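A.B. asks: Numbering (the numbering used here), first residue to last: 2 to 167.
Even glycine gets a Cβ: it sits at the ideal position worked out from N, Cα and C.
Values in this document were obtained by computation on a predicted structure and should not be read as measured data.
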């Protein structure tokens, strides 16, 4: 499957002269999914937040057995999910990623299973998230989106799907 669909970056071009952002996936549903998956795993949702300049939402998630901390990302244009390692030294209430930092994508089986049981959202495979942009088929992205990828020197497909292009 090609995950680089039109508007996945959060920018759409239509009759307007400039690109515009309009989330098409529900933040409330994402938040509910995180809490539901957390209950299934006997885990705790530390915080769910909308990112100001990013095209994704973030859930900070701690499982109790085994003791692990995760970050769940949700694209705000398509129902795409990805999982990352919790940034080191993150304290309660702090944001975890610098806007343009490379995200430490992971694929924890217990988290994948929990989200598959509670939703039909698509978990983007790790090999796709870490695929170099040079190897990706970007033909379905609009012209503006391709310019943004080039301008921000995006290196991985995962950093296109979950970006902070402003």
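If you check the beta carbons only, do residue 79 and residue 6 fall under 8 Å apart?
C.D. replies: Taking 8 Å as the Cβ cut-off, residue 79 and residue 6 qualify as a contacting pair.
A.B. asks: Runs of 3 residues minimum, wholly inside the stretch 34-83: which ones carry the beta strand (DSSP E) assignment?
C.D. replies: Within the stretch 34-83, the complete beta strand (DSSP E) runs of at least 3 residues are 44-51, 57-64, 69-76.
A.B. asks: Candidates 117, 146, 160: which alpha carbon is nearest residue 131's?
C.D. replies: Answer by Cα proximity: 160.
A.B. asks: Comparing C-alpha positions only, which one of 119, 124, 167 sits nearest to residue 1?
C.D. replies: The displayed coordinates of the chain run from 2 to 167. Any statement about residue 1 would go beyond what the structure contains.
A.B. asks: Could you tell me the alpha carbon to alpha carbon distance between residue 65 and residue 139, rounded to whole angstroms?
C.D. replies: Their backbone Cα atoms lie some 40 Å apart in a straight line.
A.B. asks: If you draw a straight line from the C-alpha of residue 119 to the C-alpha of residue 156, how long is it?
C.D. replies: Spanning the two alpha carbons is a distance of roughly 32 Å.
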